[in-house]
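In mature numbering (1 follows the signal peptide of the UniProt record, and there is no 0), the protein residues as written are -6 to -1, 1 to 547.
For glycine and all other residues, C-beta sits at the position ideal for the given N, C-alpha and C.
Remember, it's a predicted structure, so these values are computed and weren't measured experimentally.
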Ligand code: G3I
Ligand code: 9MR
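See the structure below:
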């Protein structure tokens, strides 16, 4: 049944690095002793006792954990406990997350709009080009003097947001940011990576080529007349379960919004820094990004309250957010770091900013993250404040992890939102920012536990990444995966994950449980728990890179 609690032993089904913390989860009634057996030889290489049975509220059940961190030799193993089925394979390898990291980034390529995917890059998932977006209409809500309703614009490229085929600036903002931050913090890993995308082998690392596909689109969403940024490029209603080239409904740019302008400004300012060293490859690009950022910021300052709402005739994703302080803070922080202009530091008012785990609608954490990365360019007082706040959040998350029956930062209903798996990964992302500042190993181990959770150490024994692990999602809410006639879904995508809101339509099978961590359906119809999205994959790219790069060898 959908959402039935898995019996047996739950482990990370993709693998562990040799020196990583390694936990397995078992039912509360499991026998006391475990042994780890090497696959093939059958040798017992480790014995130990399970921890006590403790209740983990999100699953409404008690769980016992086995700590198998002492297992450090490369190889393949099974965990065995009398009376339980053997665990899925436990793989220990020095490059345990290399393939996962590459695939989770390549998922962005698979979601490219306006281009065909050739089989030499896309294999079985090759497809025709869809949504050229070279003839997009200005919606009534976006009409201006120079661009009245019905004006035709060209706004090609970009990534499809998710399982749907629309393109949303707000969600592009955090997604691009997270990928660029991964590159900025772990360049050696990405320099060595071959994604096998059309640009592979050119003079840029593949991760930047992939991000450029979306940056180029985002730039077209700015109105050159005033610097404002359209909130989204979309159909009026969602497409059916069709391949991209079959979906031909008219496309519109819809209302400018303050959130879109600020997220755009933040990302363009960040990208201006990132592309500066590539001036020879892309002459003038860094400066162009900086100017675009400043123009969007200026528009937002003059129009600080344009909270987006879908016009009555537009029914696609809203990404509406009336709370805009965090967007102002993030954009100000990025522009301050890029320009050094004190105006942005004044507007930022760092002392007054709280720190929280980021999401598409709450981006203040990204400001702290960038400031932490560049703290040597801050005043001493600012640098100290940044260190205090970032490590403070890390301490809170690490303490929650340490006292959790499941060794997990995900604790309560507030964590199990639409896209809960990405919330977990963004908790890990903030833990890693703190770990980079204070070296507190608990923070790295807690981030590892999040990765374990999305890769199978969870009450459903479910890997949430298509194509990875013994029990991956087979039916994500992703139109190409549904419509391409190929059994296997497009690989490398993170499913949104358990969501007790269960906001699917009534044509979905029933969930087996109302409990937060069990509210998941591996069914096409379940957009509330089984959709994919660029802002969910981006922290998977980040965290898999970080854990791979930071875990001691
Ligand atoms: O903000 C309220 C909060 O105040 C309240 O306490 C809480 C209680 O449930 O709800 C919060 O609102 C939630 C909102 O996200 C902000 O987090 C809504 O319940 C929840 O339904 C909403 O979900 C969003 C969903 O679209 C529906 O709008 C997801 O975050 C968002 O990731 C998702 O994004 C969609 C796009 O619209 C279209 N493309 C696919 C994409 C992924 O599913
Ligand atoms: O496919 C859409 C998905 O991307 C959104 O997250 C979701 C909620 O807004 O809506 C999905 O589209 C459904 C629409 O809302 C109602 N008709 C069925 C559509 C596809 O299942």
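Rounded straight-line distance, which links the Cα of residue j to that of residue i
| i | j | result |
| --- | --- | --- |
| residue 8 | residue 91 | 8 Å |
| residue -6 | residue 60 | Summary for residue -6: the model assigns pLDDT 48, below 50, so the residue's position carries little reliability; its value from the coordinates is reported in the next sentence. So the alpha carbons of these two residues sit roughly 27 Å apart. |
| residue 40 | residue 77 | 18 Å |
| residue 95 | residue 538 | 6 Å |
| residue 145 | residue 152 | 21 Å |
| residue 368 | residue 171 | 15 Å |
| residue 109 | residue 126 | 7 Å |
| residue 73 | residue 478 | 38 Å |
| residue 14 | residue 419 | 17 Å |
| residue 343 | residue 218 | 29 Å |
| residue 244 | residue 150 | 14 Å |
| residue 528 | residue 410 | 18 Å |
| residue 241 | residue 422 | 37 Å |
| residue 121 | residue 201 | 22 Å |
| residue 298 | residue 292 | 10 Å |
| residue 58 | residue 390 | 23 Å |
| residue 531 | residue 413 | 10 Å |
| residue 86 | residue 93 | 14 Å |
| residue 133 | residue 269 | 33 Å |
| residue 38 | residue 66 | 14 Å |
| residue 362 | residue 313 | 22 Å |
Cβ-heavy atom distance, residue i to the ligand 9MR, below 7 Å
| i | result |
| --- | --- |
| residue 390 | no |
| residue 471 | yes |
| residue 302 | no |
| residue 311 | yes |
| residue 158 | yes |
| residue 204 | no |
| residue 162 | no |
| residue 521 | yes |
| residue 232 | yes |
Top-ranked residue by Cα proximity to residue i, from the options
| i | options | result |
| --- | --- | --- |
| residue 194 | 176, 139 and 103 | 103 |
| residue 500 | 156, 519, 510 and 488 | 519 |
| residue 347 | 329, 384 and 524 | 384 |
| residue 345 | 332, 377, 175 and 360 | 377 |
| residue 259 | 464, 275 and 325 | 325 |
| residue 257 | 373, 62, 435 and 315 | 315 |
| residue 289 | 213, 270 and 54 | 213 |
| residue 274 | 329, 227, 198 and 332 | 198 |
| residue 503 | 143, 524 and 280 | 524 |
| residue 154 | 67, 434 and 205 | 205 |
| residue 400 | 29, 23 and 49 | 49 |
| residue 159 | 392, 236 and 46 | 236 |
| residue 246 | 239, 233, 232 and 228 | 228 |
Near the ligand G3I: residue i beta-carbon under 7 Å from a heavy atom
| i | result |
| --- | --- |
| residue 481 | no |
| residue 167 | no |
| residue 476 | no |
| residue 497 | yes |
| residue 411 | yes |
| residue 527 | yes |
| residue 455 | no |
| residue 516 | no |
| residue 406 | no |
| residue 429 | no |
| residue 224 | no |
| residue 355 | yes |
Cβ-Cβ separation, residue j to residue i (assumed contact under 8 Å), whole Å
| i | j | result |
| --- | --- | --- |
| residue 494 | residue 461 | Actually they do not touch by this definition, with Cβ atoms about 27 Å apart. |
| residue 425 | residue 388 | 5 Å |
| residue 138 | residue 305 | Not a contact, Cβ separation roughly 15 Å. |
| residue 459 | residue 449 | 7 Å |
| residue 548 | residue 79 | Absent from the structure is residue 548, since the part of the chain shown begins at -6 and ends at 547. |
| residue 321 | residue 253 | 5 Å |
| residue 509 | residue 53 | 6 Å |
| residue 453 | residue 512 | 6 Å |
Uninterrupted beta strand (DSSP E) stretches inside the region 386 to 414 (no shorter than 3 residues): none
Inside the region 216 to 281 only - alpha helix (DSSP H) runs reaching at least 4 residues: 252 to 269
Those runs of the alpha helix (DSSP H) which lie wholly inside the region 100 to 148 and span at least 4 residues: 113 to 116
Ranges of the beta strand (DSSP E) found wholly within the region 29 to 72, counting only runs of at least 3: 38 to 43, 48 to 50 and 55 to 61
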